[in-house]
Every structure is written in C-alpha cells, then in structure tokens.
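Numbering (my numbering), first residue to last: 13 to 412.
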C-alpha cells in the first residue's frame, strides 16, 4: 500500500490542476487563464498540453519502462506482445478521436462521435494492460488465461492463508536445514504450498527473478510446483549443491527451464552436467533434452552425442515431443535426414567394398577410380606417401 500512495497523491494533484485549468478556460472564473478570444471555440494551449500532450508523453514513458522491465530485466517475450497490442489500441483510439470525430458525428446525425469509438478502444487497451501485468506477476501466458477458473479452484484450500499470511519472519527456510538467514519472502507454488526464502539470495543467485514486483507482506504466486521450487531454491544458498541425478527426465527439464527463466546459472549448469548421463536411458528422454537445448540455443559439445541417440525416432513421435517448438523440430528433422542419408551411403559403400575384396597395396590405389567409397579412396591416397616411407614390403611379398 505504501508504494501506491505517491501515485495516488500525484494523480490527485494533476487531476485538480487540470480541472482548475478547464473551468478557468471555459467559465472564466479568474483572469489568470480566462476565456479564449473566441469563447465559442474554447481553445487553450495549456489545456491542450494537460489533456493531450502530457498523456501521450506519459504513455510513451510507460511503454519504454515496461519494455525495459519485460525484455531487459525479466527476459520475457510473451508479456511484451500484450503491451504492443495495448499501445496499438491506444494509438487507434487517439486517431479515432482526432481524425474521425466530425466524420462519425455527421454520419450518425450527431448521435455519436469519435469519442465513442476512442472510449471503446482505450477500454480495450486497459484490459490488455491488465493481462500484460498479470502475465508478469503470475508468470502466466495467453494459454493459461483461458484456464483461470481451474487455477483459482486449485488455490482455494489456501485462500485464507493468502488473505492473511503469516509474516515472512515467522516462517522458517525449508530449503536448507539449519539455515540461519531470516526469511523475508514467501512464494506460493502451483500446488498450493507456501515456501519461505530470502530476497538477497535471489538477487545474487537468480538475477532474473522479479523481486522488485513483490511487496514485503504478500505471497508471490509462481507457476512451478513445490518440488521444483525447492530444488531450484537449493541452488540459491552458499552450501553443497543437491544431487539431481536421480530425477526423472520431466523433473530435470522443469528444473532446467525454471533455472533458465529466473537466471539461476548454478542450477542450469547442474542440469547440463546430468543431461549426457540421462540421455542414454531412452531416446525419448534424449529428444526432450534436445528440445530444451534448442529452445534456449544451448549448442554445447554434448548436444551432438545426445541428438544422435534420437535418430531412429519416428517423425510423428518427435512432433508430439516438440509440440509448439517448431524451430527446434525443423532443425532436428534436417539433422536426422542428413544423418540417415549419410549412414545409407556408408552402408552401400561398405557393402560394395567388401564384395570387391581389395588387397591393400599402396601402388594399387594410385589414380584408381573404381574404389566403391570415394572417401576411402581419398584417405588411401593421402596415406600412400606415408606407407611408401615405411617401406611395407610385406604387402608386396603377399601380393606376389
């Protein structure tokens, strides 16, 4: 509530000042601004600045700040589309107000004017801004908006605790036994569990966590389960990191996604170390790892070994795994088709070479064009000077 007081005070002051200017210009209450030279037109530069120029400037400043917060601080893209849509609706509303006012008024016989259309568009812009703000504070997206009612039902068992939660300092840290750091932040998991943690630890170990959006006396709702949150928060303490090698692939991917989302580099590095040991267990598990790595553009040295374990997966099964991650799926399909084509060429070349049963002698491959595998021919040609230097005479004796 304390953070809202400056906003309310400034809003009241600006509203009172604008109201005074409007009454002074229209009614001539004082001689400071007074009525215009032509009272029927009611033109006033001061009133135009307060009611039109300043709101436009404020809207641009707000859009710039939210762009920095969403893209620069939170590293999210989905909420930004809401803000772009809201900006578009706001601009259309202003255009309807200034350009279409007289046209609409005359066309409807003075029943409505451009302000009617502008009001509708500006109201729609405010609704979109609400969805944008909720997508930031609750980490929702356009798909979870349609499931708002079901999400509300899941939180009902804890609704009293949310309305009047325990003070943060009355809770203990469940992440690390014997943790002496005071709890000053409460998190609510998607399965309804309240977890106490530490703001300073999140600032240090989870640089993209939106701490600035959380007040001190509220519970911050997150879309992750309590299990994933506790695992992720375990990497925000200056202690021995937990062993995550026993996690199943779905839990491991969720932990990696949470670490990537909130900038927890230690948890993400731990997941990367476990991925190569988890991939051989199942080709489906390996494909899920490939999907995650493609999503965050993590093209490390282990990716090639992991993706080769998915080459025999049918394309229809791969579509189910990749889901909406179309770019990653396209890259995987190209890799798979190239790998399968090269393997087929290798099998054909190997089979042809075995049938001809060539005797290995350096002079036999000099300039020959009937070797089944052109790659083998180039390798043998490159090795020929070395074989001659070594004077492998045993091959000559066996040949004759």
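Glycine included, every Cβ here is placed at the ideal spot set by N, Cα and C.
Kindly indicate which three-state DSSP category residue i falls into: helix, strand or coil?
| i | result |
| --- | --- |
| residue 231 | strand |
| residue 414 | Because the chain spans 13 through 412 in this model, residue 414 falls outside it and cannot be assessed. |
| residue 104 | helix |
| residue 319 | helix |
| residue 237 | coil |
| residue 219 | coil |
| residue 127 | helix |
| residue 353 | helix |
| residue 191 | coil |
| residue 342 | helix |
| residue 36 | helix |
| residue 326 | coil |
| residue 408 | Any answer about residue 408 is weak, because its pLDDT of 47 lies below 50 and its placement is not dependable; what the coordinates show is given next. DSSP places residue 408 in helix when its eight states are reduced to three. |
| residue 314 | helix |
| residue 184 | coil |
| residue 159 | Unreliable positioning characterises residue 159 in this predicted model, as indicated by a pLDDT of 38, which lies under 50. The coordinate reading is nonetheless provided below. The answer is helix: DSSP assigns residue 159 an H, G or I state. |
| residue 122 | coil |
| residue 331 | helix |
| residue 16 | coil |
| residue 134 | helix |
| residue 336 | coil |
Could you please give the first and the last residue of the uninterrupted alpha helix (DSSP H) stretch that includes residue i?
| i | result |
| --- | --- |
| residue 308 | Unbroken run through residue 308: none, as it is neither H nor E. |
| residue 89 | Careful: residue 89 lies outside any alpha helix (DSSP H) and carries neither H nor E. |
| residue 114 | 113–119 |
| residue 71 | 66–79 |
| residue 58 | 57–60 |
Taking the alpha-carbon of residue i as reference, which of the options has the nearest alpha-carbon?
| i | options | result |
| --- | --- | --- |
| residue 222 | 275, 204, 183, 59 | 275 |
| residue 416 | 204, 198, 205, 209 | As displayed, the chain neither begins before 13 nor continues past 412, which places residue 416 out of reach and without an answer. |
| residue 128 | 110, 99, 331 | 110 |
| residue 304 | 269, 289, 273, 327 | 269 |
| residue 220 | 206, 272, 283, 69 | 272 |
| residue 325 | 307, 308, 300, 120 | 300 |
| residue 231 | 91, 72, 195, 250 | 195 |
| residue 340 | 254, 302, 332, 312 | 302 |
| residue 69 | 334, 102, 80, 90 | 102 |
| residue 149 | 355, 234, 94 | 234 |
| residue 288 | 308, 279, 315, 265 | 315 |
| residue 306 | 215, 278, 335 | 335 |
| residue 93 | 105, 79, 106 | 79 |
| residue 88 | 73, 144, 58 | 144 |
| residue 97 | 310, 350, 142 | 142 |
| residue 239 | 131, 20, 200 | 200 |
| residue 76 | 338, 262, 95, 16 | 95 |
| residue 248 | 211, 283, 284, 266 | 211 |
| residue 277 | 328, 218, 183 | 218 |
| residue 262 | 250, 291, 281 | 291 |
| residue 264 | 281, 250, 251, 252 | 281 |
| residue 32 | 56, 134, 360, 18 | 56 |
| residue 342 | 356, 353, 327, 354 | 327 |
| residue 197 | 37, 214, 190, 137 | 214 |
| residue 107 | 132, 27, 308 | 132 |
On the DSSP letters alone, give me the boundaries of the beta strand (DSSP E) that residue i sits inside.
| i | result |
| --- | --- |
| residue 197 | 197–200 |
Practice task
Jot down the residue ranges of each uninterrupted alpha helix (DSSP H) in the region 245–300, minimum 4 residues, whole runs only, in chain order.
Solution key: Listed in chain order, the alpha helix (DSSP H) runs fully inside the region 245–300 are 261–274, 277–290, counting runs of at least 4 residues.
Handout entry: Given 8 Å, three or more beta-carbon pairs between the region 287–298 and the region 313–321
Key = In this structure the region 287–298 touches the region 313–321; the number of beta carbon pairs closer than 8 Å is three or more.
Exercise for the section: May I ask you to verify whether the region 74–88 touches the region 116–123, counting CB pairs closer than 8 Å and requiring at least 3? Expected result: Judged by Cβ distances under 8 Å, the region 74–88 makes no contact with the region 116–123, as fewer than three pairs qualify.
Handout entry: Three-pair Cβ contact test at 8 Å for the region 194–207 versus the region 250–261
Key = By the criterion of at least three beta-carbon pairs nearer than 8 Å, the region 194–207 is not in contact with the region 250–261.
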